[in-house]
DNA sequence: ATGTCCTTACCTTAAGGA
């Protein structure tokens with residue numbers, strides 16, 4: 129089962145680049161972030177024609193997540209538990225029926241800038257809610273994958289220029305600490321488990337020639353429950369997508385699970 | 001380097017978010 133995550137920065141703007149990557153990469157399951165679309169406006173037919181079931185959790189203008197899957201999906205749920213007043217569309221779950229059933233959580237973690245401030249408070253509260261949800265799913269002792277745009281640079285080696293991020297919500301100690309708490313639950317950062325060296329990124333800002341200078345950061349992650357980690361056979365970042373026509377500022381990252 | 005891109009609304013131009 130090839131399972132990917134991709135922050136597309138607007139489904140309308142990526143209506144050519146996303147199908148092109150799907151056709152080339154052939155993932156079984158894709159979690160999308162920042163679809164920036166309400167459910168009714170999502171161009172589902174484009175992806176159904178490529179063989180994908182489409183489940184969206186959108187909102188107007190901002191945020192919005194979706195799951196595309198060539199394998200059957202069951203028990204789709206929308207929204208991160210823990211705050212009924214939260215109206216931001218940043219979380220979707222589904223069970224993928226492959227040779228084994230895998231619970232997939234697609235997430236778009238709040239950016240949190242400027243920090244300190246209410247946006248940073250929201251980020252940290254959201255991460256605490258995610259920790260609680262992860263704890264509940266881990267108790268099932270089944271394969272679970274938490275994938276998406278975490279808006280967290282886990283360590284300095286995950287940024288080309290870590291000095292540029294020291295006061296940013298993506299790299300502040302509280303953000304990194306909350307990310308480490310997820311790992312401490314028993315989750316595995318799939319990419320870091322297979323690639324120990326520095327210099328692998330999933331995001332390059334549109335500004336200031338970040339791509340041309342390879343001034344990137346690694347903020348898109350797939351965290352695996354122990355039962356999913358046991359099935360991990362491969363994981364890669366599709367960096368070349370950033371050099372394509374009309375690219376997102378993020379690129380896809382994926383895992384292969386033996387199931 | 002105040003450097004770009006996407007979306008929406010106040011819609012041929014600016015603002016908010018990232």
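Numbering (the numbering used here), first residue to last: 129 to 387.
Even glycine gets a Cβ: it sits at the ideal position worked out from N, Cα and C.
In the DSSP assignment, the residues bridged to residue 159 are 133 and 195.
The count of Cβ pairs closer than 8 angstroms, one atom from the segment 135–142 and one from the segment 152–172, reaches three, so the stretches are in contact.
Put simply, the segment 312–331 touches the segment 285–296. At least three CB pairs are less than 8 angstroms apart. Our two residues, residue 290 and residue 211, have alpha carbons roughly 33 angstroms apart in a direct line. Cβ neighbours of residue 253 within its own chain (closer than 7 angstroms, five residues either side excluded): none.
Burial state of residue 362 is exposed, judged by a 10 Å Cβ sphere holding fewer than 16 other Cβ atoms. The alpha carbon of residue 384 has as its nearest neighbour, out of 322, 375 and 346, the alpha carbon of 322. Cβ-Cβ separation between residue 208 and residue 261: approximately 6 angstroms, consistent with a contact (criterion under 8 angstroms). For residue 274, the enclosing beta strand (DSSP E) has its first and last residue at 272–277.
When only Cα atoms are considered, residue 243 and residue 295 end up about 8 angstroms apart. By the neighbour-count criterion, in which a residue is buried when 16 or more other Cβ atoms sit within 10 angstroms of its Cβ, residue 191 is buried.
With contacts defined as CB atoms closer than 7 angstroms, residue 173 and residue 204 fail to qualify as a contacting pair.
Its Cα nearest to that of residue 231, the residue 266 stands out among 218, 377 and 266. The alpha-carbon of residue 139 is positioned some 7 angstroms away from that of residue 170. For residue 241, no pairing in a beta bridge is given by DSSP. Across the set 330, 269 and 301, the C-alpha of 330 shows the shortest separation from the C-alpha of residue 342. Note that the C-beta distance between residue 229 and residue 223 is below 7 angstroms.
In this structure residue 149 touches residue 380 by the C-beta definition: roughly 6 angstroms separates them, less than 8 angstroms. In terms of CA proximity to residue 195, 167 leads the group 340, 351, 167 and 339. Here residue 236 is bridged, per DSSP, to 277. Within the same chain, and ignoring the five residues on either side of residue 268 in sequence, the residues whose Cβ sits closer than 8 angstroms to its Cβ are 231. About 6 angstroms separates the Cβ atoms of residue 303 and residue 297, confirming a contact at the 8 angstroms cut-off. For residue 186, the number of other beta carbons within 10 angstroms of its own is at least 16, and it is reported as buried. For residue 334, the closest alpha carbon among the candidates 369, 378, 355 and 317 is that of 378. The beta carbon of residue 292 lies closer than 6 angstroms to none in the same chain, with the five residues before and after it left out.
In the DSSP assignment, residue 206 falls within the beta strand (DSSP E) that extends over 201–206.
Around the beta carbon of residue 365, a 10 Å sphere encloses 16 or more other beta carbons of the protein chains shown; the residue is thus reported as buried.
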